[in-house]
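Below is one structure, written out as structure tokens; the observations come after it.
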């Protein structure tokens, strides 16, 4: 008799972090603007990063995320506004006296020094007593699994190893905040995914606040406790990965974090927390009203992620379903993207279906029914 | 023609072989360097061989005795006058290269790190002195350092000295000052090039790890620009040992260098073999000194870690 497996359903709002974080602020960014002439690289950004948090700054290139990181490190200064680290205002404090350390995008390994000397670089100045320096270097090398490679020259290392050296060199300083400037972008896909897991594990182990800059949404989603999504020098949304992905505040954020089907809607009723709208394809829908919702006449936009639409096979039925026709099919190995035309919708829906039930065999032109959960339909500002 | 070629396989094979030969990389390489190589062979290697040959012969008034002898080297190495001249030449060239590098480094650093968009303009300005003849530049130092020169009248005008100093011109210091100025650009350029290659992120990384501006310079920028410093030092040192125009014009009798003695042996004294032996000796010593300089700078670089 097969044993019945008991799977506990996870709590809906379980935090991604497995280690308890404090609610104390580590970095406080208040109304920071950085202008280059008329161009504003960062426009009135405010942000609080908590102690022990893995925080990501996510956005396309030129959105100001690197500028913000460099201002926390002290390589750049705000035109106006203030930055505090560990409760201490950073104004006038040069980069070399800040309690932050950085992992550079190019790793910036000193080519004239070997691995050990690179890692010990910042410790030399501290003049540690009785083998303490050596002990800390070995500990840092062990943390990044580079034990035994101390005597290697920087030029003899692979990309992944160089990255680990850069990480060890910063961690050995025991900073309050570790800043990571697109640290994984130079690695190939497989190594990058492996390093994502390792970085997350390392952060949990050392408990230091990590601030990561990335343009890769999967990287941010996979590693962070919280994410700030940035566009054009402004912070669009700060929330947990799940919240950002499931409840984006606007179309831009929704678009940047994977695919999203946008559906035009007509507002029927608006009250404190909820919004009732009429759509052509999905009928009348009642959803949560986003915090920053600004009514723009009677129109609104609903969004639904492609994987939240499920193909209904044969005679299966669901409480909520829409009917349409497959117009395109794209095969991606483990999943298939179907483009489904729904009568009444101006744009066909994109549907992601895993390939375990034969979604990869649905011929173009097939009439199809899709099931959805009305909770997956989210209202957002434009 | 093709038909003829097809009809005779051996010819086709030679042609194919010739094409392969023309397309091979070593052959193309040799072809590219051959003009320079021949030029160097005829105008550099052959004369040096002639000089080396002469250094083992003996001058008999107008004829040359071609029996092998080491007498010239004995004279070159043991006669106090030549020994002194050689030491002085080495001292002057070492001092000149030291001063030149020390003065050139900040200029190169400024252009590389703070030159902004005007880097090429700065480099262009540095070459301006070369638009005039070397002799004119040496002469202008005579005007500055001379008995009634700019420096003396200036110091007298300020009341710092009562009568013109004769210590400025016609001695080895005058040679050092003139040569340091003359070779500055040759030192600035290699140092500039090596500073340009220093990744600026490395300096940022050093700052991030706690170094102030001076420390990050000493621990990162300076060691990484060492190749430029080495080549600058060598570029200045090697030719200045054998300089002969500068000491002749501003050196007086205290500033005479080995090259002046060599010139005298080939000229007025008409003792080519001794002149040749002096040349070869100088050449060997310069080689040793250059090698030693490279080793010393490398050792310093290692110490800086």
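Protein chains in written order, with my numbering: chain A, 1 to 382; chain B, 1001 to 1305. In this text, a Cβ means the ideal position worked out from N, Cα and C, and glycines have one as well.
Check: Cβ of residue 119(A) within 8 Å of Cβ of residue 32(A)?
Finding: No. Outside cutoff.
Notebook entry, point to check: Short check: CB of residue 383(A) to CB of residue 47(A), under 8 Å?
Noted result: The structure shown does not extend to residue 383(A), since chain A is modelled only from 1 to 382, so the question has no answer here.
Notebook entry, point to check: At a Cβ threshold of 8 Å, is residue 101(A) touching chain B?
Noted result: Under the Cβ criterion of 8 Å, residue 101(A) is counted among the residues facing chain B.
Next item on the list: Compare the C-alpha of residue 1056(B) against each of 1279(B), 1217(B), 1258(B) and name the closest.
Entry: Looking at the Cα atoms, 1279(B) is the closest of the given residues.
Next item on the list: Could you tell me if residue 65(A) is buried or exposed, where buried requires 16 or more neighbouring beta carbons within 10 angstroms of its beta carbon?
Entry: By the neighbour-count criterion, in which 16 or more other beta carbons inside 10 Å mark a residue as buried, residue 65(A) falls on the buried side.
Margin query: Can you tell me whether residue 336(A) sits near the ligand SAH, meaning its C-beta is under 7 Å from at least one heavy atom of the ligand?
Written below: Looking for the ligand SAH in the displayed structure turns up nothing, as the structure carries no ligands at all.
Margin query: At the 8 Å Cβ level, is residue 96(A) part of the contact set with chain B, yes or no?
Written below: With 8 Å as the cut-off, residue 96(A) counts as an interface residue toward chain B.
Item checked: Distance between residue 313(A) and residue 261(A) (C-alpha atoms, nearest Å) -> Computed Cα separation, rounded: 22 Å.
Note to self: Restricting to Cα atoms, I'd like to know which of 221(A), 348(A), 203(A), 150(A) is closest to residue 281(A).
What the structure shows: Nearest of 221(A), 348(A), 203(A), 150(A) to residue 281(A), Cα basis: 348(A).
Note to self: I want to see whether chain B comes within less than 8 Å of residue 41(A), judged by CB atoms only; does it?
What the structure shows: Chain B contact via Cβ: absent.
Check: Roughly how many whole angstroms lie between the Cα atoms of residue 89(A) and residue 233(A)?
Finding: The straight-line gap from Cα to Cα measures roughly 22 Å.
Item checked: Option in 1274(B), 1291(B), 1159(B), 1298(B) with minimal Cα separation from residue 1073(B) -> Among 1274(B), 1291(B), 1159(B), 1298(B), the Cα nearest to that of residue 1073(B) is on 1274(B).
Check: Tell me which same chain residues have a C-beta within less than 6 Å of the C-beta of residue 383(A), skipping the five on either side of it?
Finding: Here chain A has residues from 1 to 382 only, and residue 383(A) is not among them.
Next item on the list: Can you give me, in chain order, the residues of the stretch 187-214 of chain A that have a beta carbon less than 9 Å from any beta carbon in chain B?
Entry: Cβ contacts with chain B: none found.
Notebook entry, point to check: Which residue comes first and which comes last in the beta strand (DSSP E) that contains residue 44(A)?
Noted result: Residue 44(A) -> beta strand (DSSP E) spans 39-50.
Next item on the list: Please list, in chain order, all residues of the same chain as residue 380(A) whose beta carbon is under 7 Å from its beta carbon, the five residues on each side excluded.
Entry: Same-chain partners within the cutoff: 248, 249, 250, 251, 254, 290, 301, 303.
Notebook entry, point to check: Going straight from the alpha carbon of residue 375(A) to that of residue 285(A), what length do you get?
Noted result: The straight-line gap from Cα to Cα measures roughly 9 Å.
Next item on the list: Report yes or no: do the stretch 1074-1087 of chain B and the stretch 1290-1303 of chain B share at least 3 C-beta pairs separated by less than 8 Å?
Entry: No, the stretch 1074-1087 of chain B is not in contact with the stretch 1290-1303 of chain B.
Item checked: Three-state secondary structure (DSSP) of residue 1118(B) -> Residue 1118(B) falls in the helix class under three-state DSSP.
Check: Would you call the CB atoms of residue 1086(B) and residue 1285(B) closer than 8 Å?
Finding: Closer than 8 Å, so yes.
Notebook entry, point to check: Quick one: does residue 173(A) have its CB under 8 Å from some CB of chain B?
Noted result: Yes, residue 173(A) lies at the interface with chain B (some Cβ there is under 8 Å from its Cβ).
Note to self: Strictly below 8 Å CB to CB, what residues from chain A border residue 1242(B)?
What the structure shows: Here the premise fails: no neighbours, minimum Cβ distance about 34 Å.
Checklist line | CB contact flag (residue 1111(B), residue 1030(B), <8 Å) | finding: Contact: no.
Item checked: Range of the contiguous alpha helix (DSSP H) that encloses residue 1289(B) -> Run containing residue 1289(B): 1272-1303, per the alpha helix (DSSP H) assignment.
Next item on the list: Mind listing the chain A neighbours of residue 1207(B)? Cutoff is C-beta to C-beta under 7 Å, in chain order.
Entry: Within chain A, the C-beta atoms nearer than 7 Å to that of residue 1207(B) come from 95, 96, in chain order.
Next item on the list: Please list the residues of the stretch 1222-1255 of chain B that have a C-beta atom closer than 7 Å to any C-beta atom in chain A, keeping them in chain order.
Entry: Under the 7 Å Cβ criterion, the stretch 1222-1255 of chain B contributes 1223, 1224.
Check: Beta-carbon of residue 1220(B) versus every beta-carbon of chain A: anything under 8 Å?
Finding: Yes, contact with chain A.
Note to self: Would you say residue 1199(B) lies against chain A (beta-carbon separation less than 8 Å)?
What the structure shows: Any Cβ of chain A closer than 8 Å to the Cβ of residue 1199(B) would place that residue at the interface, and such an atom is present.
Notebook entry, point to check: Going along chain B, which residues have a C-beta under 7 Å from residue 122(A)?
Noted result: Simply 1209, 1210.
Check: Taking just the CA atoms, how far does residue 288(A) sit from residue 356(A)?
Finding: Going by the C-alpha atoms only, they are around 33 Å apart.
Check: For the 8 Å Cβ check, are there 3 or more pairs between the stretch 97-105 of chain A and the stretch 177-186 of chain A?
Finding: Between the stretch 97-105 of chain A and the stretch 177-186 of chain A there are three or more inter-stretch CB-CB distances shorter than 8 Å, so the stretches are counted as touching.
Check: Over what stretch of residues does the alpha helix (DSSP H) that includes residue 396(A) continue unbroken?
Finding: Past the boundaries of the shown model lies residue 396(A); chain A is included only from 1 to 382, so the question cannot be answered.
Check: alpha helix (DSSP H) containing residue 1208(B): first to last residue?
Finding: Residues 1200-1208.
Next item on the list: From the DSSP output, in three-state form, read off residue 1173(B) for me.
Entry: DSSP places residue 1173(B) in helix when its eight states are reduced to three.
Notebook entry, point to check: My guess is that residue 56(A) and residue 223(A) are in contact by the Cβ rule of under 8 Å, so how many angstroms apart are they, rounded?
Noted result: Taking a contact as a CB-CB distance under 8 Å, the pair residue 56(A) and residue 223(A) counts as one, their CB atoms being some 7 Å apart.
Check: What number of angstroms, rounded off, separates the C-alpha of residue 188(A) from the C-alpha of residue 158(A)?
Finding: In a straight line, the C-alpha of residue 188(A) is about 12 Å away from that of residue 158(A).
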